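Worksheet: the structure to be examined is printed underneath.
Protein chains: 2
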Amino acid sequence: MTGCDTSLPPGLLVLLSGPSGSGKGNVSRLLLDRMPRLVLSVSATTRAPRENEAEGVDYYFKTEKEFLDIAKKGGFLEYKRVFGMNYYGTPRAFVDQQRAQGRDVLLEIDVTGALEVKRKVPDAVSVFVMPPSFAELERRLRGRGTEDDETVAVRMRTAYDELKSARLYDYFVVNDDLEKAAGEVRAILEASRLEVRRRLDVIGAIMEGERQR
Amino acid sequence: MTGCDTSLPPGLLVLLSGPSGSGKGNVSRLLLDRMPRLVLSVSATTRAPRENEAEGVDYYFKTEKEFLDIAKKGGFLEYKRVFGMNYYGTPRAFVDQQRAQGRDVLLEIDVTGALEVKRKVPDAVSVFVMPPSFAELERRLRGRGTEDDETVAVRMRTAYDELKSARLYDYFVVNDDLEKAAGEVRAILEASRLEVRRRLDVIGAIMEGERQR
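Those protein sequences? They're chains A and B, same order as listed.
According to the numbering used here, the first sequence is numbered sequentially starting from 1.
According to the numbering used here, the second sequence is numbered sequentially starting from 1001.
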């Protein structure tokens, strides 16, 4: 090997954002089903486990003291308190371990969180998913049949604000067709693995092989 | 539309480099066969046309005066004189026209040329193709049966020098299997089209659509 210390972990960190109704959850599920090397990031939370939730699978369940201790030591790539109640965070250790083992870690995350993670992990690959139009976004939100007019209106305004930050991402995917959108995110992952900055060890090994012939 | 002037042409410029014996020509042919939107850049040259060569298909054939006039006006993305004899260059106009029409332009080019084009076209996507080892490179060069020991030795040294520049490229593809390597370059092209910097007009159009609802 080359002794080149500049290379990045073998696995990717993928940040997937998009407004509620963008279909990013469906894109995630499709990719997780099809890509054996891809795993979903497991968050930590201070909320109580629900009946069918398992520690380390659905969440890492923490007391508030435990959570804040981890936060103080820089153990979260990002965290936040929701409605002044429960904390949610992305444990850095889980992401680092998976990536070191060659697994790609997928993180479904809002814009604020994604930008925070990107500052801490500059080689994270960030993807913004959006329906082809706001009319279509509204149609999907109303189609759920679970949200009243006011909730839909709030979600639409939030989506507009989030879209303003889309240009801070690496990639922009229009989800007008789930299979197409998932295929595009997959191509982004495949290409990202081939970025030169992630392959300095491969280049170094080929050169070292020649010097030792 | 959005009036956003910062977006890039719809088509890509793809720079494909790699040592003689890397198989980049085979990768190119496979992709050109399969991707209808991908076209090969047509070079200009001062050498005489061969029997079966057609103007504007194989080359743009120029007199030396014509060629140097174009060069003086900045009409080439790169050009060089080979063995102090004939000039070869990449006409900027061809590349620009194809990209404006939404076609991706593939340019098979040496390292020096690629770096020169990249300076002039910063959004060009550069890919370095390499066999898995120098032993394999030598095997392929000898397998051609057309090159004597000295020529092979020169090509091997040149390859080593070129590989030193691989880290200046965007992507690094190991060609140990033609289908796999072509698939990887294809993923790079698909992902590159989704880069945010190329989709500012799409983002702008979605936002404008919402403002006008």
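We put the CB at the ideal spot given by N, CA and C, even for glycine.
Just so you know, these numbers come straight off a predicted model, no measurement behind them.
Query raised in the report: Can you give, in chain order, each stretch of the beta strand (DSSP E) that sits fully within the stretch 1174 to 1205 of chain B and has at least 3 residues?
Result: none
### Message
Considering Cα atoms alone, identify which of Gln97(A), Gly11(A) and Ser20(A) is closest to Glu154(A).
### Response
On the first sequence, residue 154(A) is found 154 positions in, with the first residue counted as 1. At residue 154(A) the sequence reads Val, which differs from the Glu that was named. Val154(A) has its Cα closest to that of Ser20(A), out of Gln97(A), Gly11(A) and Ser20(A).
Open item on the list: Taking 8 Å as the threshold (beta carbon to beta carbon), is Ile1188(B) in contact with chain A?
Closed with: Taking the first residue of the second sequence as position 1, residue 1188(B) is located at position 188. Yes - at least one Cβ of chain A is within 8 Å of the one on Ile1188(B).
Can you give me the Cβ contacts of Glu179(A) inside the same chain, cut-off strictly under 8 Å, excluding the 5 residues immediately before and after it? For this step, residue 179(A) is matched to residue 179 along the first sequence. Once the five neighbours on either side are set aside, the close Cβ partners of Glu179(A) are Leu30.
Whose C-alpha, out of Met130(A), Val105(A) and Tyr60(A), is nearest the C-alpha of Tyr160(A)? Locating residue 160(A) in the first sequence gives position 160, counting from the first residue. Checking every option, the nearest Cα to that of Tyr160(A) belongs to Met130(A).
* If you drop the 5 nearest sequence neighbours on each side, which residues of the same chain put their C-beta closer than 8 Å to that of Ala1166(B)? -> Against the second sequence, residue 1166(B) aligns to sequence position 166. If we look at Ala1166(B) and ignore the five residues flanking it on each side, its Cβ neighbours are Phe1128, Met1130 and Phe1172.
Which residue marks the beginning of the beta strand (DSSP E) containing Lys1080(B), and which one marks its end? Taking the first residue of the second sequence as 1, we reach residue 1080(B) at position 80. Per DSSP, Lys1080(B) belongs to the beta strand (DSSP E) from Phe1076 to Val1082.
### Task
Could you pull out every residue in the same chain whose Cβ sits closer than 6 Å to the Cβ of Asn52(A), ignoring the five residues on either side in sequence?
Translated into the one-based positions of the first sequence, residue 52(A) becomes position 52. Cβ neighbours of Asn52(A) beyond the five flanking positions: none.
By the criterion of Cβ-Cβ separation under 7 Å, what are the contact partners of Ser133(A) in chain B?
Start at 1 with the first residue of the first sequence, and residue 133(A) comes out as number 133. Going along chain B in sequence order, the residues near Ser133(A) (Cβ under 7 Å) are Ile1206 and Gly1209.
Quiz item: Nearest chain B C-beta to Asp170(A) closer than 8 Å, yes or no?
Solution: As a first step, residue 170(A) must be located in the first sequence, where it is residue number 170. Yes, contact with chain B.
Out of Ala1093(B), Leu1008(B) and Val1105(B), state which residue places its alpha-carbon closest to the alpha-carbon of Lys1073(B). Along the second sequence, read from residue 1 onward, the residue named residue 1073(B) stands at position 73. Answer by Cα proximity: Ala1093(B).
* Excluding the five sequence neighbours on either side, which residues of its own chain have a C-beta within less than 8 Å of the C-beta of Lys1024(B), listed in chain order? -> Within the second sequence, the letter at position 24 stands for residue 1024(B). Leu1016, Ser1017, Gly1018, Glu1108, Val1129 and Asn1175.
**Residues, ordered as in the chain, of the stretch 29 to 55 of chain A that lie near chain B by beta-carbon distance below 9 Å** = none
Closest Cβ-Cβ distance between Tyr1160(B) and chain A: below 8 Å?
Within the second sequence, the letter at position 160 stands for residue 1160(B). Taking Cβ atoms only, chain A reaches closer than 8 Å to Tyr1160(B), which makes this a yes.
- Query: Going along chain B, which residues have a C-beta under 7 Å from Val173(A)?
  - Reply: As a working mapping, residue 173(A) is identified with position 173 in the first sequence. Within chain B, the residues near Val173(A) are Leu1194.
Checklist line | Distance between Val1095(B) and Tyr1088(B) (C-alpha atoms, nearest Å) | finding: As a working note, residue 1088(B) is residue 88 in the second sequence. As a working note, residue 1095(B) is residue 95 in the second sequence. Each residue's alpha carbon lies about 15 Å from the other.
| task | Would you identify the three-state DSSP class for Thr90(A), choosing helix, strand or coil? | result | By one-based count along the first sequence, residue 90(A) stands at place 90. It is a strand residue.
**Message:** Contact criterion: CB-CB distance below 8 Å. Does Ala1124(B) meet it with respect to chain A?
**Reply:** The residue given as residue 1124(B) occupies position 124 in the second sequence. So, not an interface residue.
Just to confirm, are Thr1090(B) and Phe1067(B) a CB contact at a threshold of 8 Å?
Against the second sequence, residue 1090(B) aligns to sequence position 90. Against the second sequence, residue 1067(B) aligns to sequence position 67. Cβ distance not < 8 Å, so Thr1090(B) and Phe1067(B) don't count as in contact.
Between the alpha carbons of Gln1098(B) and Glu150(A), how many angstroms are there, rounded? Indexing the second sequence from 1 puts residue 1098(B) at position 98. Indexing the first sequence from 1 puts residue 150(A) at position 150. Approximately 48 Å, taken between the alpha carbons.
So, is the C-beta of Met130(A) closer than 8 Å to a C-beta in chain B?
What you label residue 130(A) is simply residue 130 of the first sequence in a count that begins at 1. So yes, Met130(A) belongs to the interface.
Alpha carbon to alpha carbon, how far is Leu1038(B) from Leu1012(B)? Give it in angstroms, no decimals. Residue mapping note: residue 1012(B) aligns to position 12 of the second sequence, counting from 1. Residue mapping note: residue 1038(B) aligns to position 38 of the second sequence, counting from 1. Using only the alpha carbons, I get a separation of about 9 Å.
Under a CB-based cut-off of 8 Å, is Arg1099(B) close to chain A? Stepping through the second sequence from its first residue, residue 1099(B) is reached at position 99. No, its Cβ sits nowhere closer than 8 Å to a Cβ of chain A.
Where Ser17(A) falls: helix, strand or coil (DSSP): The residue you call residue 17(A) lines up with position 17 of the first sequence. Correct three-state label for Ser17(A): strand.
Could you check whether the Cβ of Arg144(A) sits closer than 8 Å to any Cβ belonging to chain B? For the purposes of this step, residue 144(A) is taken as residue 144 along the first sequence, with counting starting at 1. Not an interface residue.
Review point. Are the C-beta of Arg167(A) and some C-beta of chain B separated by less than 8 Å?
Key: Taking the first residue of the first sequence as 1, we reach residue 167(A) at position 167. It does; some Cβ of chain B falls within 8 Å.
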